[in-house]
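Colleague:
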Amino acid sequence: MRRAALLLLVLGMLVVPTAGAAPPSPGVTHVSVPPGTPAVEWGAQLFGANCVTCHGPDGRGIFTPVQGSGGTIGLGPSLQGVGAQAADFYLRTGYMPLQDPDAQPRRSRVLFSQRELQALIAYVASLQPGPPVPAPHPELGNLAEGLQLFTEHCAGCHQVSAAGGYVTNAVAPRLNDATPVQIAEAARIGPYLMPRFSEKQISNAQLDSIVRYVVYAGHPDDRGGWALGHVGPVPEGLVTWFIGVAVLVATCLVIGRRLRA
Amino acid sequence: MRRWLIALVVLLLGRLRRRPRVPGEARIVPPGAPERGAENLLLLLFGCAAVCGAAFPVVYAIDSIPHQTQFLGLALGLALAFIAAACVVIAKRLVVTEELEEDYSLTARPEEEEALLELVEESGDRFTRRRLLLVAGAGAGTALGAALLTPAASFGPVLDVASLYRTPWRRGVRLVDEAGNPFRADDVEEDTFYTAFPEHADRDRMGAPVVVVRLKPAALRLPGGRRSWAPKGIVAYSKICTHAGCAIALYRKPTFPQVQPRPALICPCHYSTFDPADGGSVLFGPAGRDLPQLPLEIDAMGELRAGGNFSGPVGPSWWGVRNHGARS
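Quick note, the sequences are listed as chains A and B, same order.
For the record, in the first sequence the residue sitting at position 150 is 150 according to the working numbering, with numbers rising by one throughout.
Numbering-wise, the working numbering comes out as the position in the second sequence, counting from 1, plus 261.
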């Protein structure tokens, strides 16, 4: 009995410090509103509970660090005029809310419910007029043109296979997890360090082709056979070496056998 | 000169003359029948190897050949394959072979040395046209050696570096996009990047492609003397990285500059990172010198034109470039 109590005590000592060092509760604050509340109203309350520390009142942005609640440093861009397009992208990919304003937003689990998302997006869109959520039509795009445009504009960072890559100081994410709407949104917004491509540079029809290619690149038709992870010349070269070594050994056997006869 | 060369060849061949054979002397290696067919095959293989080896410098020198790289590889690969095949023919069909097992005592026996020499001598008995075969083999080896040395010519001009400064850009040349459309200065947007080429010029030339970005004029910190090079904050740099000559295909721009890295042009090969606001200076990576900047002007039509040639030599760096720096 005493031994069990001691064990509990030791376990407790192990657990307490880690719990104390943990960052302020990851996750979001849900706000309950009476039924029939307008979406924008609900979104404003959700914004106040989850976003205002960094994006400021009315989404005007916070440009010098402000000590917020729970030790969080508030610092973030203005959301006025970004429209439903950016709000939809950042919230549905799980890029926002971001724990640390210095960190690169990454794709993560979305903690808001569908209806909460709609309310928040409606609220951000109501701050100032901005671009709506795009509606790409990848089925109207041309796959070959998409590959060519993707190579020209996107493959430098994301690789031609859309498997993602690196830029100095950032990671270019893999695009296999992105929905067609998110691909179109990202091209127009340019999240984090990514350039922004306007309709002057990439028309909506061209964007349809790019989206079609990216969707295709997730499950490409590997006519050549063995895809080797689509990661380029290193594994392909290794395989060539293995084949080459086998051919050399076979040649040695052919030459050597006759000599012994 | 010619007489000297002939004398040299005769001397070389004479030295290789066989020891005269004493008739009736006992052989160690059983005599083998001469094989004219195998020798002819050997001559053919050496000839093919020599032709392939000699083809390498030829393909290298003629730039108009399509798929030049593939043909270079093919020439070298075939030359090596023919020499390998020739070795196989010699080993399997021309050298007299016999497998013997014999205890070998460690005590020195001079007569064994004699026997070994004789062994080597007699193993080559089946060759009837030794000198011809030797010349053929030497020819194949020489051609292969020439093929291996040829790429050294790509190290670039050692003395005449002026060609490195010759680009299609000069004052008044219009910037066009991939489809040949001119760039209207007002259509060039911030937070994105464009690739431009000189109008009516060969786009495959090293000095042709430029990357164009627009920054806030207040953010520019261009070196002295380049104040007028960036009208409306639009800057253009060579798209060829100064490290190893890859294309600058990456542009990063911060969404929220307060906490995110500043705009930069990045090469995907080794991540050399250049600052477009600061005259293309190196922020990170192995590049040893700034990205050459192209001065820009806006003409009466509102379109972008070059204001002159680049600020320095375009392309990857090597000793000749570093020593010559920028041309004003």
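Quick reminder that beta carbons are idealized off the backbone N, C-alpha and C, glycines included.
Because the structure is a prediction, the values reported are computed rather than measured.
Cβ closer than 9 Å: which chain A residues qualify as neighbours of B:I527?
Modeller: G156, C157, V167 and T168, listed in chain order.
Colleague: Determine whether the Cβ of A:L75 lies closer than 9 Å to any Cβ atom of chain B.
Modeller: Closer than 9 Å to some Cβ of chain B, the Cβ of A:L75 qualifies, so yes.
Colleague: My output table needs one value for A:G74: the three-state DSSP class, helix, strand or coil.
Modeller: Of the three classes helix, strand and coil, the one that applies to A:G74 here is strand, per DSSP.
Colleague: Helix, strand or coil: which one does DSSP assign to A:Q128?
Modeller: Here A:Q128 sits in coil by DSSP.
Colleague: In the DSSP assignment, find the unbroken beta strand (DSSP E) run with A:R212 in it and report its ends.
Modeller: First-last for A:R212: N204 to G218, but that is the alpha helix (DSSP H), not the beta strand (DSSP E).
Colleague: From what residue to what residue does the alpha helix (DSSP H) around A:I183 run?
Modeller: Segment P180 to I189, the alpha helix (DSSP H) holding A:I183.
Colleague: Which residues in chain B sit within 7 Å of A:R196, going by Cβ to Cβ distance?
Modeller: Neighbours of A:R196 on chain B, chain order: D452 and T453.
Colleague: What residues in the region 174-206 of chain A have a beta carbon less than 7 Å from any beta carbon of chain B?
Modeller: Here the close residues are G190, P191, Y192, L193, P195, R196, F197, S198, K200 and Q201.
Colleague: Residues of the region 491-524 of chain B with a CB closer than 7 Å to any CB of chain A: list them in chain order, please.
Modeller: Listed in sequence order: A510, L511, Y512, R513, K514, P515, T516, F517, Q519, V520, Q521 and P522.
Colleague: Output the distance between the C-alpha atoms of A:A22 and A:L140, rounded to the nearest integer angstrom.
Modeller: Residue confidence is low: A:A22 scores 41 on pLDDT, short of 50, so the model does not pin down where it sits. Its coordinate-derived value is still stated next. Whole-angstrom Cα-Cα distance: 49 Å.
Colleague: Excluding the 5 residues preceding and the 5 following A:Y95 in the sequence, name in chain order all residues of the same chain whose CB lies nearer than 6 Å to its CB.
Modeller: P105, listed in sequence order.
Colleague: Label B:V590 either buried or exposed according to how many other C-beta atoms from any shown protein chain fall within 10 Å of its C-beta, with 16 as the threshold for buried.
Modeller: Outside the shown range of chain B, which is 262 to 589, sits residue 590 of chain B, and nothing can be said about it.
Colleague: Classify B:R264: buried if its beta carbon has 16 or more other beta carbons within 10 angstroms, exposed otherwise.
Modeller: Exposed: under 16 other Cβ atoms inside 10 Å.
Colleague: Checking contacts by CB at 9 Å: is A:P101 closer than that to chain B?
Modeller: Chain B, which has a Cβ nearer than 9 Å to the Cβ of A:P101, makes this yes.
Colleague: With a cut-off of 8 Å, do at least 3 Cβ pairs link the region 508-522 of chain B to the region 72-85 of chain A?
Modeller: Contact holds: three or more Cβ-Cβ distances are below 8 Å.
Colleague: Could you tell me the alpha carbon to alpha carbon distance between B:V350 and B:P547, rounded to whole angstroms?
Modeller: Distance between the alpha carbons of B:V350 and B:P547 is about 50 Å.
Colleague: Select from the region 136-155 of chain A all residues with a C-beta closer than 7 Å to any C-beta belonging to chain B, and list them in chain order.
Modeller: Residues passing the 7 Å Cβ filter: none.
Colleague: If you draw a straight line from the alpha carbon of A:C154 to that of A:S161, how long is it in whole angstroms?
Modeller: Distance between the alpha carbons of A:C154 and A:S161 is about 10 Å.
Colleague: Which same chain residues, not among the five before or five after A:S25, have their C-beta less than 7 Å away from its C-beta?
Modeller: Per-residue confidence for A:S25 stands at a pLDDT of 49, beneath the threshold of 50, marking its modelled position as unreliable; the derived number appears in the next sentence. Result list for A:S25: empty, nothing under 7 Å.
Colleague: To the nearest angstrom, how far is the alpha carbon of A:V40 from that of A:Y90?
Modeller: Spanning the two alpha carbons is a distance of roughly 18 Å.
Colleague: Answer yes or no: does any C-beta atom of chain B fall closer than 9 Å to that of A:T64?
Modeller: A:T64 counts as touching chain B.
Colleague: Which ranges does the alpha helix (DSSP H) cover as unbroken runs of at least 4 residues, wholly within the region 304-351 of chain B, from first to last along the chain?
Modeller: With a minimum length of 4 residues, the continuous alpha helix (DSSP H) runs that stay inside the region 304-351 of chain B are 329-350.
Colleague: Under 9 Å, Cβ to Cβ, is there at least one residue of chain A near B:L303?
Modeller: Chain A contact via Cβ: absent.
Colleague: If you follow the beta strand (DSSP E) that B:S499 is in, where does it begin and where does it stop?
Modeller: Where B:S499 is concerned, the enclosing beta strand (DSSP E) stretches over I495 to S499.
Colleague: Would you identify the three-state DSSP class for A:A22, choosing helix, strand or coil?
Modeller: Any reading at A:A22 must be qualified, since the residue scores a pLDDT of 41, below 50, and its modelled position is unreliable; no value is offered.
Colleague: Can you tell me whether B:T228 is buried or exposed? The criterion is at least 16 other CB atoms within 10 Å of its CB, across all chains shown.
Modeller: Past the edges of chain B, shown from 262 to 589, lies residue 228 of chain B, and the structure says nothing about it.
Colleague: Cβ of B:Y532 less than 9 Å from any chain A Cβ?
Modeller: Yes - at least one Cβ of chain A is within 9 Å of the one on B:Y532.
Colleague: Going by beta carbon distance, what residues of the same chain come within less than 7 Å of A:S126, once the five residues before and after it are set aside?
Modeller: Excluding residues within five positions, the ones whose Cβ falls inside 7 Å are V40.
Colleague: Using alpha carbons as the reference points, say which of B:E300, B:A287, B:S572 and B:P443 lies closest to B:A376.
Modeller: It is B:A287 whose Cα lies nearest to the Cα of B:A376.
Colleague: Quick check on A:D88: buried or exposed, where buried means 16 or more other Cβ atoms within 10 Å of its Cβ?
Modeller: Buried is the call here.
Colleague: Apply the 10 Å Cβ neighbour rule to A:P38 and answer buried if 16 or more other Cβ atoms are within range, or exposed otherwise.
Modeller: Classification of A:P38: exposed, given that the 10 Å Cβ count is below 16.
Colleague: In chain B, what lies closer than 8 Å to A:I255 by C-beta?
Modeller: The answer, in chain order, is V349, A352 and K353.
Colleague: Indicate whether B:P524 and B:Y512 have their beta-carbon atoms separated by less than 9 Å.
Modeller: A contact, by the Cβ cut-off of 9 Å.
Colleague: Does the contact criterion of 3 or more C-beta pairs under 8 Å hold for the region 112-124 of chain A versus the region 163-182 of chain A?
Modeller: Short answer: they don't touch.
Colleague: Using the Cα positions of B:W490 and B:G573, report the straight-line distance between them to the nearest angstrom.
Modeller: Taking the straight line from one Cα to the other gives about 14 Å.
Colleague: If you draw a straight line from the alpha carbon of B:A497 to that of A:R212, how long is it in whole angstroms?
Modeller: If I take the Cα positions, the gap works out to 32 Å.
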